[in-house]
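*Asks:* If you scroll down you'll find the structure; I have some questions about it.
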Amino acid sequence: MISHMPPGLIMILAAFLLPVIPHVWRQIYMLGAIALSAYGLFLGAGTHLVWTVLGLDLILYQADALSLPFAIIFHLAAALNVIYSWHDRDWQQHCASLSYAGAAIAALHAGDLVSLFVWWEATAVTSVFLILASGTERARKAAMRYLLFQVTSGVLLLAGAAILASTSGDIRFTKMDLGDAATWLIFIAFGIKAAFPFLNGWLQDAYPEATPTGTVALSAFTTKLAIYALARGFPGTDILIWIGAAMTALPVFFAVIENDLRRVLAFSLNNQLGFMVVAVGIGTELALNGAVAHAFVHIIYKALLFMSMGAVLHQVGTIKASELGGLYKKMPFTMVCCIIGAMSISAFPLFSGFVAKSLTMSALGDAGIIWAYFVLLFASAGVLEHSGIKIPYFAFFAHDSKIETGEAPIGMRVAMGIAAFLCVGIGVFPSLLYSILPYAVDYHPYDAGHVTSQMQLLIFAMLAFVVLVRLKLYPPEIPSVVLNSDWFYRRLAPMVGLPLLRMVMLVWSGLLQQMRGLVNAIWDRLDRIMHSPLAGPTVSGRAVLIQAGLLTLLLLIAYAAAG
Amino acid sequence: MSTPSSKSPSDLQRLGGIFTKALLGIAIVLFGLEFFIHRHGVVSAEESFMFPALYGFLAFLFIVQVGKWLRLMIMRKEDYYD
């Protein structure tokens, strides 16, 4: 019976009992729930659970070669997160992160757009508590903005699904051609969660405000669920290559000057999503393999980077580059894990990023989309700059910040150790990853030409960094805020909107005053007539006049009706 | 853990020196390998001598420089939104 339940649902149900289970046992129980959910994956490909309601066939559990690799990595990420937050006694956060992961996993197995919508929204309302759990006013505001975007995405998805249901009656979640209103609505819904340019503000705004453990959970699910949805719904959609290329290149510049290291990672996350979006846009088998492989390894190394920065934040209480530095002696294990994550994301040979990103780059070359190839190559140097160098450099080296601290709790270190091990393991044995990709893979990333090309790019980019640092030309970290697309609704909208609103109110109150003047003027005239009529008796008051008027009107209507 | 903090800056400088030398060493090896290994490029320009090295080096400088300009435009005080 359990095996026929949609994977993930069991995790959501299990989350209800978390408040009554004591600490430590709670973590073991959560790992059990995740294992049970993963057990459901053994049912294999096919449609396993359909619920017909209101004439709609809701496909609650459907699995295929595309959903499987995402399901595996989502379960793994959920388990890593439980281990990472082993020390945490706050059941609310565990509740949020377990049900959030469950909702994301259930969404992967939704075979129709309405079921997808339900889980799509469920990821929003569960994950927002990870941001709220920070307990600060900043976090509360960021959480509300986050929720606004996430729910809007869901509403657009539902609107698209509703149009499809009413026009074709077919709500199955399959490949769509971008064209009519319904598909555009769904495309934008996916685009919000995938952090397309100008729809990305929520990501850099909210993720760095979550708790140290919360950000790790957030980094794994929402955006990669969107990549999965794009890969299923819109593979080979040309516009995605443009969008994705912009996503890889633009955040790079913002990440250089951002001071909050978890926000740097959020920009970096955006850049990584760009690679996957480009791959989905190409749409060939090799490219889709690239998108899935990239999402898979990205979840691990991005979680590892967020974990290492979370460990620093947990120990030191700040994650601002301008206040950190020299921690390599105080937190050597965290430093090593961070560098492994940094080398993975930078796609050094023998690390996981290399074997995944190579697929996308080769697919771009095969498709002959040269401009995008060079944009992504440029963005690769950008990844090295912000995630490969800046993160470990400013946290662990740079200058001695004189901070006295020690290593993070054991759970954090174990989770980082496992993630680091996986980063190297997949990099050294890519066939393990390739064997679970949607299409058969005949690809060998480790040929001499390819490896030397990548090493040249990375090593000489690092030399550029060394030159800049030695010449004191590398920009120092400054306590600051970097404006991003959220500025449009956090500043521009109030800046333009408030004066506009004030103007409307001014015109409105002026109009009201005019009307009042007009009414008074009419009454004044009437009063004069009432007190000194040309003939007949005076009228004693306004009420009497109104009554007389109404009675006259009634009389006229009665005459008209009788006539 | 018990290293006196006054010694740390020199430690960091020493580490920086080792790091630079290691990088230069690898760079020289890569330069040497360029004469023996044929790299496949998507376009012929990519196969030209030390192309990825040059591309990476210049891309890095460009990113940092644009970042500096961007700071003038979009950097605000920490309490900007508060």
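So the sequence lines, in the order shown, correspond to chains X and C. Under this note's numbering, the letters of the first sequence match residues -3 to 559, in that order. Under this note's numbering, the letters of the second sequence match residues 496 to 577, in that order. The beta carbon of each residue, even a glycine, is placed where N, CA and C say it ideally should be.
#1: Is arginine 509/C close to chain X? Criterion is C-beta to C-beta, closer than 9 Å.
#2: Around the C-beta of asparagine 516/X, are 16 or more other C-beta atoms found within 10 angstroms, so that it is buried, or is it exposed?
#3: Out of curiosity, what's the CA-to-CA distance linking phenylalanine 544/C and alanine 375/X?
#4: What in chain X is Cβ-close to phenylalanine 572/C, meaning under 9 Å?
#5: Taking 9 Å as the threshold (C-beta atoms), are alanine 225/X and glycine 98/X in contact?
#6: For isoleucine 542/X, which residues from the same chain have a beta carbon less than 8 Å from its beta carbon, with the 5 sequence-adjacent residues on both sides left out?
#7: Starting from the beta carbon of glycine 527/C, find every residue of chain X whose beta carbon is closer than 9 Å, and list them in chain order.
#8: Going by alpha carbons, who is nearest to serine 33/X out of Asp86/X, Gly349/X and Ile101/X?
#9: Cutting at 7 Å between CB atoms, please list the residues of its own chain near isoleucine 315/X, excluding the five before and the five after it.
#10: Nearest CA to the CA of valine 151/X: which residue from Ser536/X, Val114/X and Ala531/X?
#11: Looking at chain C, is there any beta carbon in it that lies within less than 9 Å of the beta carbon of asparagine 267/X?
#12: Any idea which residues DSSP pairs glutamine 450/X with across the strands?
#13: With DSSP collapsed to three states, give me the class of methionine 570/C.
#14: Out of Leu488/X, Glu473/X and Val351/X, state which residue places its alpha-carbon closest to the alpha-carbon of lysine 563/C.
#15: I'd like to check one pair, phenylalanine 145/X with tryptophan 198/X: are the Cβ atoms closer than 9 Å?
#16: Any beta-carbon of chain X closer than 9 Å to the one on phenylalanine 530/C?
#17: Would leucine 577/X and lysine 189/X qualify as a contact pair, given that the criterion is a beta-carbon distance under 9 Å?
#18: Do valine 248/X and isoleucine 558/C count as a contact pair if the criterion is CB distance below 9 Å?
#19: What residues match up with glycine 59/X in a beta bridge as DSSP calls it?
#20: Counting only beta-carbon separations shorter than 9 Å, does isoleucine 558/C have a partner in chain X?
#21: Let's test the definition: count the other Cβ atoms within 10 Å of the Cβ of phenylalanine 484/X and tell me whether it reaches 16, buried, or not, exposed.
#22: Return the Cβ separation of isoleucine 127/X and alanine 135/X in integer angstroms, given the expectation that the two are a contact with Cβ distance under 8 Å.
#23: Just to confirm, are serine 81/X and glutamine 88/X a CB contact at a threshold of 9 Å?
#24: Indicate whether at least one CB of chain C lies closer than 9 Å to the CB of asparagine 480/X.
#25: For alanine 522/C and valine 462/X, I'd like the C-alpha separation in whole angstroms.
#26: Would you list the one or two residues that DSSP bridges to tryptophan 47/X?
#27: When DSSP labels each residue in this structure, what does lysine 298/X get in the three-state scheme?
#28: Under 9 Å, Cβ to Cβ, is there at least one residue of chain X near isoleucine 513/C?
#29: In chain C, which residues lie less than 8 Å from glycine 445/X when you measure between Cβ atoms?
*Replies:* For this structure:
#1: no
#2: Label assigned to asparagine 516/X: exposed.
#3: The straight-line gap from Cα to Cα measures roughly 21 Å.
#4: First, the amino acid is wrong: residue 572/C is lysine here, not phenylalanine. By Cβ distance, chain X contributes Pro475, Ser476 and Val477.
#5: no
#6: none
#7: Neighbourhood of glycine 527/C in chain X, by CB distance below 9 Å: empty, with the nearest CB roughly 10 Å away.
#8: Ile101/X
#9: Asp256, Leu257, Arg258, Met305, Val308 and Leu309
#10: Of Ser536/X, Val114/X and Ala531/X, the residue nearest in Cα terms is Val114/X.
#11: no
#12: In DSSP, glutamine 450/X forms no bridge with anything.
#13: When DSSP states are grouped into helix, strand and coil, methionine 570/C belongs to the strand group.
#14: Glu473/X
#15: yes
#16: no
#17: No answer is possible for residue 577/X: the residues shown for chain X start at -3 and end at 559.
#18: yes
#19: It should be noted that the sequence gives alanine, not glycine, for residue 59/X. Answer by DSSP bridge pairing, in chain order: Gly42/X.
#20: yes
#21: It counts as exposed.
#22: Sure, about 6 Å apart at Cβ, within 8 Å.
#23: Not closer than 9 Å, so no.
#24: yes
#25: 13 Å
#26: Leu54/X
#27: helix
#28: no
#29: Ile532, His533, Arg534 and His535
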